[in-house]
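Sequence order for the protein chains is A and B. Take the first sequence: its position 37, counting from 1, is numbered 69 in the numbering used here, and each next residue is one higher. Take the second sequence: its position 104, counting from 1, is numbered 109 in the numbering used here, and each next residue is one higher. Structure, as structure tokens:
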Amino acid sequence: MGTAIDRFDEKARQTFDSIGRTEVYRGELLRHSVYTRLLHWAVALFFFLALFTGFGIYLPWLFRWFTPVFGGGALSRILHPYFGVAFVFFFFFQMLNWLTPMIWCDGDSKWMRNIRRIAASQEKLEPPDTGFFNAGQKAMFWEIVAGCIVYLITGIILWAGARSFGATAVAISYVLHDLSAIIMLGGIFIHIYLSTIGEPGTFQAMTRGAVSEAWAWTFHPAWYKKVTGRDPREDYEKARQQQNTTPKANSNPN
Amino acid sequence: MTDRKTLQTEKISGHSGPSPGLGMQRDFEVCKLVDTTTCIGCKACEVACVEWNDMPFGMTTFDNTYQTMPETRWNFWNLIKFNEHQREDGTIQWLMRKDQCMHCADPGCMAACPADGAIVKYTNGIVDFNQENCIGCEFCVSGCPFNIPRFNPGTKKVYKCTLCSDRVGEGLEPACIKACPTGCLKFGSKDDMKFIANERARQLKENFGMENAGVYDPQSVGGTHVIYVLHDATDPERYGGLPKNPTIPWSYTVWKWLFKPVLGAFALFGGLGVLMHYVSVGPRRPQPEPPEKEAANGNGD
Ligand code: HEM
Ligand code: SF4
Numbered sequence: 033m034g035t036a037i038d039r040f041d042e043k044a045r046q047t048f049d050s051i052g053r054t055e056v057y058r059g060e061l062l063r064h065s066v067y068t069r070l071l072h073w074a075v076a077l078f079f080f081l082a083l084f085t086g087f088g089i090y091l092p093w094l095f096r097w098f099t100p101v102f103g104g105g106a107l108s109r110i111l112h113p114y115f116g117v118a119f120v121f122f123f124f125f126q127m128l129n130w131l132t133p134m135i136w137c138d139g140d141s142k143w144m145r146n147i148r149r150i151a152a153s154q155e156k157l158e159p160p161d162t163g164f165f166n167a168g169q170k171a172m173f174w175e176i177v178a179g180c181i182v183y184l185i186t187g188i189i190l191w192a193g194a195r196s197f198g199a200t201a202v203a204i205s206y207v208l209h210d211l212s213a214i215i216m217l218g219g220i221f222i223h224i225y226l227s228t229i230g231e232p233g234t235f236q237a238m239t240r241g242a243v244s245e246a247w248a249w250t251f252h253p254a255w256y257k258k259v260t261g262r263d264p265r266e267d268y269e270k271a272r273q274q275q276n277t278t279p280k281a282n283s284n285p286n
Numbered sequence: 006m007t008d009r010k011t012l013q014t015e016k017i018s019g020h021s022g023p024s025p026g027l028g029m030q031r032d033f034e035v036c037k038l039v040d041t042t043t044c045i046g047c048k049a050c051e052v053a054c055v056e057w058n059d060m061p062f063g064m065t066t067f068d069n070t071y072q073t074m075p076e077t078r079w080n081f082w083n084l085i086k087f088n089e090h091q092r093e094d095g096t097i098q099w100l101m102r103k104d105q106c107m108h109c110a111d112p113g114c115m116a117a118c119p120a121d122g123a124i125v126k127y128t129n130g131i132v133d134f135n136q137e138n139c140i141g142c143e144f145c146v147s148g149c150p151f152n153i154p155r156f157n158p159g160t161k162k163v164y165k166c167t168l169c170s171d172r173v174g175e176g177l178e179p180a181c182i183k184a185c186p187t188g189c190l191k192f193g194s195k196d197d198m199k200f201i202a203n204e205r206a207r208q209l210k211e212n213f214g215m216e217n218a219g220v221y222d223p224q225s226v227g228g229t230h231v232i233y234v235l236h237d238a239t240d241p242e243r244y245g246g247l248p249k250n251p252t253i254p255w256s257y258t259v260w261k262w263l264f265k266p267v268l269g270a271f272a273l274f275g276g277l278g279v280l281m282h283y284v285s286v287g288p289r290r291p292q293p294e295p296p297e298k299e300a301a302n303g304n305g306d
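Below, the structure is given as structure tokens:
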């Protein structure tokens with residue numbers, strides 16, 4: 033990738049690492065640096081602020097539910113674009129930060145064709161070529177990149193209104209802005225589910241920044257191999273055998 | 006028309022239910038008739054509008070016409086549009102049209118408005134903006150096929166002609182009507198105005214040889230509560246952008262009232278979907294999973 037971007041990201045990560053802490057215990061791997069985590073939560077915060085101010089204006093049936101939270105309809109309308117711009121602003125840096133690991137590769141297309149089996153949990157372990165991010169995560173990332181571009185263009189048109197851009201441009205932007213929001217919201221549901229209760233052990237990647245080795249060889253085997261230099265399948269098998277030979281710890285009557 | 010029941014609310018923008026008390030009274034629809042063939046461009050109606058609505062004086066832009074300003078403004082709701090039309094024989098016809106809110110039966114502004122109560126339509130046909138409920142999103146500006154609502158950046162609210170709902174509610178005629186010296190403006194029930202307009206159009210055809218004379222009451226927005234008599238109803242565009250077939254953009258019809266709720270619900274079902282996944286397929290855990298507690302087998306049901 034562009035070296036200027038790499039250098040910028042590197043610098044930012046170093047700066048934030050000197051401010052925040054990431055503790056990686058034995059049996060764990062570093063997943064996300066302080067910089068990445070801060071960006072992620074800034075993105076998430078402003079996404080939801082923009083979402084909820086947007087909800088009030090989205091449908092008449094939601095108006096009375098969501099606008100009071102932000103001090104009424106008029107204030108919601110004033111705040112919404114600023115929340116949106118902040119969301120796009122922080123995601124822009126996240127995009128630079130993740131450009132390299134998000135590059136689509138052959139393994140990802142294979143993963144996508146296999147998505148039914150993965151969603152049905154028929155494969156306990158991810159295919160061995162799944163790297164730092166899997167194809168689903170990459171798809172969501174690029175969807176957000178595309179969505180941000182749509183938000184930004186249509187959002188500016190809606191912000192300045194028909195008196196600046198004409199009635200037709202506003203009417204079209206209105207639809208595209210909504211569509212972008214609906215698609216992104218659908219994706220975020222899946223995202224939140226998988227990063228919390230759907231795939232236990234993931235959430236800490238974005239809080240403490242570290243994940244267990246077992247999490248890594250299960251969900252991102254190629255990445256595991258890269259950072260540890262060991263074979264994910266072998267380590268998994270070893271852990272399984274160890275587990276079978278240890279006496280049943282939980283048969284203790286206490 | 007002497008009591009306030011003429012301001013019974015029929016429709017409310019962004020409102021999730023019927024208007025309270027609707028259909029309790031029999032009410033007739035009001036209408037303003039503008040006969041462009043007898044307008045002399047004196048602008049008395051412009052002055053009366055500014056006077057009655059207590060608008061501050063504003064600078065105007067001169068662009069080599071008699072027109073007071075290029076477009077209506079948030080504080081100037083009634084504008085005579087001056088247009089020169091070249092006839093086939095090369096002579097010039099000078100057209101004057103009073104531009105203001107048309108008070109549509111099916112208002113595009115209202116379809117577009119997301120704010121509960123910012124726009125109301127009374128059963129007498131008047132469409133009125135309630136600035137205290139306006140959130141300043143300006144969607145009405147793009148929903149209106151006549152380009153009428155005007156945004157005031159100072160107050161962040163939208164304004165337009167009220168058809169003098171305050172006067173009409175008290176049994177008076179709108180200020181512009183009262184000021185008109187030629188009888189070009191008339192006010193009364195929709196039925197009466199339609200009758201007069203059609204009679205006038207017939208006169209123009211039979212006595213003045215204007216075979217295209219007609220009445221402008223566009224049915225694409227359900228008819229309007231301001232109607233025009235035009236010298237040539239086949240080409241309303243020549244009267245300073247009066248649309249031949251005014252329509253509300255589909256963004257504020259099919260999209261807003263059908264696709265938005267349906268797709269929105271779909272997105273929420275996405276949330277339900279992941280929960281269903283959780284209870285049916287269950288979470289994917291890092292492997293190997295810790296061995297199950299044997300006693301637990303058979304305990305659950
Ligand atoms: C409460 C809500 C959220 C939670 C709990 C959450 C949690 C997480 C976690 C744990 C990761 C790391 C996944 C990994 O390391 O593999 C992650 C990644 C990410 N998050 Fe979030 N997130 C939330 C909201 C959002 C929102 C609102 C956005 C953007 C609109 C977002 C965008 C991303 C992206 C693009 C990634 C990287 C790709 C991926 O893992 O899918 N997140 N999130
Ligand atoms: S002319 Fe425009 S502002 Fe007036 S009622 Fe029709 S849509 Fe609304």
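Where is the CB? At the ideal position from N, CA and C, for every residue including glycine.
Same chain, Cβ closer than 7 angstroms to residue 244 of chain A, five either side skipped, listed in chain order: 59, 60, 233
Where residue 93 of chain A meets chain B, residues with beta-carbon distance less than 8 angstroms: Result: 21, 266.
Residue list, Cβ distance to the ligand SF4 heavy atoms smaller than 6 angstroms: Cβ-based neighbours of the ligand SF4 within the cut-off: B/106, B/107, B/108, B/109, B/112, B/113, B/114, B/132, B/149, B/151, B/153, B/154, B/165.
C-beta atoms of residue 161 of chain A and residue 193 of chain A nearer than 9 angstroms: no
Terminal residues of the beta strand (DSSP E) in which residue 194 of chain B lies: 190 to 194
Helix, strand or coil at residue 275 of chain A [DSSP, three-state]: helix
Where the beta strand (DSSP E) containing residue 225 of chain B begins and where it ends: First-last for residue 225 of chain B: undefined, no H or E at that position.
Residue 237 of chain A beta carbon near the ligand HEM (any heavy atom closer than 8 angstroms): Distances taken from the Cβ of residue 237 of chain A to the heavy atoms of the ligand HEM include one shorter than 8 angstroms.
Closest Cα partner of residue 148 of chain B within the set A/185, A/184, A/200, A/189: A/200
Cβ-based neighbour list, residue 182 of chain B, same chain, cut-off 6 angstroms, excluding 5 preceding and 5 following: 190, 192
Simplified DSSP state of residue 188 of chain A, which is helix, strand or coil: helix
DSSP three-state assignment for residue 47 of chain A, whether helix, strand or coil: helix
First and last residue of the uninterrupted beta strand (DSSP E) at residue 91 of chain B: 84 to 91
Cβ-heavy atom distance, residue 63 of chain A to the ligand HEM, below 8 angstroms: yes
At least 3 beta-carbon pairs within less than 8 angstroms: the stretch 270 to 280 of chain B vs the stretch 216 to 234 of chain A: yes
For residue 225 of chain A, the nearest candidate out of B/79, B/100, B/289, B/20 (CA to CA): B/289
Exposure label - residue 240 of chain B; buried when at least 16 CB within 10 Å: exposed
Inter-residue Cα distance where the pair is residue 210 of chain A and residue 213 of chain B: 53 angstroms
Residue from A/164, A/83, A/154, A/249 whose Cα sits closest to the Cα of residue 132 of chain A: A/164
Those residues which DSSP pairs with residue 97 of chain B across a bridge: B/91
Ordered list of alpha helix (DSSP H) runs contained in the stretch 115 to 162 of chain B, each at least 4 residues: 144 to 148
Residue 155 of chain A versus residue 112 of chain B: straight-line alpha-carbon distance, rounded: Taking C-alpha positions only, residue 155 of chain A is separated from residue 112 of chain B by approximately 56 angstroms.
Touching by the beta-carbon criterion (3+ pairs, under 8 angstroms), the stretch 207 to 222 of chain B and the stretch 51 to 61 of chain B: no
Cβ shell of residue 47 of chain A (< 7 angstroms), same chain only, five flanking positions each side left out: Cβ contact annotation for residue 47 of chain A (same chain, cutoff 7 angstroms, sequence separation greater than five): none.
Alpha helix (DSSP H) segment containing residue 231 of chain B, residue limits: Premise fails: residue 231 of chain B lies in the beta strand (DSSP E), 231 to 235, not in any alpha helix (DSSP H).
Neighbour-count burial assignment, residue 57 of chain A, 16 or more Cβ in a 10 Å radius: exposed
Residue 273 of chain B burial status per 10 Å Cβ neighbour count (16 or more: buried): exposed
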